[in-house]
Structure formats: C-alpha cells, structure tokens
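Written out below as structure tokens is the structure these notes cover.
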Amino acid sequence: SFIARLLTMMSYKRIGVSAASALIGTSPVVTTLLAVLFLNESLLLPVVLGALLVVGGIVLINMKDGHLSLDWKLVYLPLVASVLYAVSNVLRKMGTNLLPHAVLGAQVSTFSGLIACTVYLAAKGGFKNLQLNKQNIQWLAGSGIVNAFAWITITMAISLGRVSVATSIIYSYPLFSVLLSRFIIRDEAVNRYMVIGSTLIVLGVVFVSLLG
C-alpha cells in the first residue's frame, strides 16, 4: 500500500485533491470485483449498489463548482492507486485468513511500508532531502497514533467479514473528513454537492451493512 499512498500524494500534487480523491474513491468497486475473482465472494446486488453509491458520494463531495477538473494525461495516477489499494485489501484478507490476528497484520503492513519508504528515499538520494516542519511535528505524531489504530481496526474489519463489504464501509471516511473539516477546522463551506454526496455515502453504507 506504500506505492498506492505515494501515487495518491503524486495525484494530489499533479491533478488536485478533489479530482484525485474522486478517482481513488473507486477502490470499493475494484475491491468487490477482485474479491469475487480471488476470494470466491458472492457478487451480491446490495454490495455492488452500496459500493457504487459510496463512489458516487465521494465524487460529489469532491466536486468544485459543479465539475471535476481532470488532466486526462495524469488520470492513471489515482486510478492505479485505486487498484493498488484494492489489491492491498484483498492480500490483507488472504493474510488474515491464514493468521487471524489484527494487530500483527497491521504491524506487518506498516513495517512493509517502512521498508518500501526507506528503499524509495534511498533511491531518490537518501534522507538529506527529507524536510520536517518542527511546528507541525505534534500534529504529525498525533496523526501517526490515530493512523495506527485505524490500521488495526481496518485489519479487524477485513478479517471478520467479506472484504467487499468492509471496504465499502471503510471508504465512507470522506463523509467524516468533510464534517470534521467543516466544524473543527472551519475551512469547508457546505454546498449542495456535499449534502447529496454525503447522503449517497450514508445510503451506500446502509445498503452494504444491512443487506450485504
């Protein structure tokens, strides 16, 4: 998943956060297809419909002035990231099927990412180009702690149920990002696209949770 995260950051920089987030948000659909092919999960209509509703909601939440501005030459960046996130979740499910231990699974994923990050930095010229803003260190540390718990709960969710269902619910996080940004950071103005998108995400999660 390190490569997927790297491509995500590149997508944010090259084509913008909104467009990249919308395209990366297609990952639940890709995960559902891969789960059917490699995990023998059933292709249930509520799961497919719920995944599509979540994807549609993500797209709407990230729309600016009624449209997404895309650089079609760079669309492959977020789309490849979407596929890699899906592959990562399927592999994570395979791993937890063999050893159902969420904490260990999260540790393995994180450690693998650390190795990949180290190799990448070494290939790009080492750590001398790595810059750290000391004013933000406490926020980065807090983010790391929260992210650690997130990885554990994600691994638990995937290990306990169908990966297609878990991924669709997990990808409802843009809804909470919008709410937190609006009411805590106060840098997001609520518009009709956010309202409709949030509604679609909630409906998608309900479909997957209750009927999937």
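Reminder that position 79 of the sequence shown reads as 108 in this note's numbering, one-by-one numbering, no gaps.
Cβ coordinates follow ideal geometry from the N, Cα and C atoms, glycine included.
Opening and closing residue of the alpha helix (DSSP H) in which Ser-206 lies:
Counted from its first residue, the sequence shown places residue 206 at position 177. Ser-206 -> alpha helix (DSSP H) spans 202-209.
Just grab the DSSP bridge partners of His-96 for me.
As a working note, residue 96 is residue 67 in the sequence shown. For His-96, which the question treats as bridged, DSSP gives the partners Lys-93.
Rounded straight-line distance, which links the Cα of Trp-168 to that of Ile-249:
Because the chain is modelled from 30 through 241, residue 249 falls outside the range shown and cannot be assessed.
Tell me which same chain residues have a C-beta within less than 8 Å of the C-beta of Leu-128, skipping the five on either side of it?
As a first step, residue 128 is located in the sequence shown; it is residue number 99 there, counting from the start. So the list reads Gly-134, once near-sequence residues are dropped.
Measure how close the beta-carbons of Ala-49 and Pro-107 come, nearest whole angstrom, since I'm counting them as under 8 Å.
The residue given as residue 49 occupies position 20 in the sequence shown. The residue given as residue 107 occupies position 78 in the sequence shown. About 4 Å; that satisfies the 8 Å criterion.
Considering Thr-182, what are the terminal residues of the alpha helix (DSSP H) in which it resides?
On the sequence shown, position 153 is the one that residue 182 refers to. Residues 166-189.
Quick check on Asn-162: does DSSP put it in helix, strand or coil?
Position 133 of the sequence shown, counted from the first residue, corresponds to residue 162. Coil, per DSSP.
Does DSSP classify Val-104 as helix, strand or coil?
Working through the sequence shown from its first residue, we reach residue 104 at position 75. Coil, per DSSP.
In chain order, what residues of the same chain have a beta carbon less than 6 Å from the beta carbon of Arg-191, not counting five sequence neighbours either side?
Start at 1 with the first residue of the sequence shown, and residue 191 comes out as number 162. Correct list, in chain order: Glu-70.
Use the C-beta contact count for Ser-210: other C-beta atoms within 10 angstroms, 16 or more gives buried, fewer gives exposed.
Translated into positions along the sequence shown, residue 210 becomes position 181. So Ser-210 counts as exposed.
Spatial neighbours of Leu-68 within its chain, please: C-beta separation below 7 Å, excluding the five flanking residues on both sides.
Along the sequence shown, one-based indexing puts residue 68 at 39. Excluding sequence neighbours, Leu-68 sits near Val-119, Lys-122 and Val-192.
So, with DSSP's three-state summary, where would you put Lys-122?
Counting from one through the sequence shown, the residue named residue 122 turns up at place 93. Correct three-state label for Lys-122: helix.
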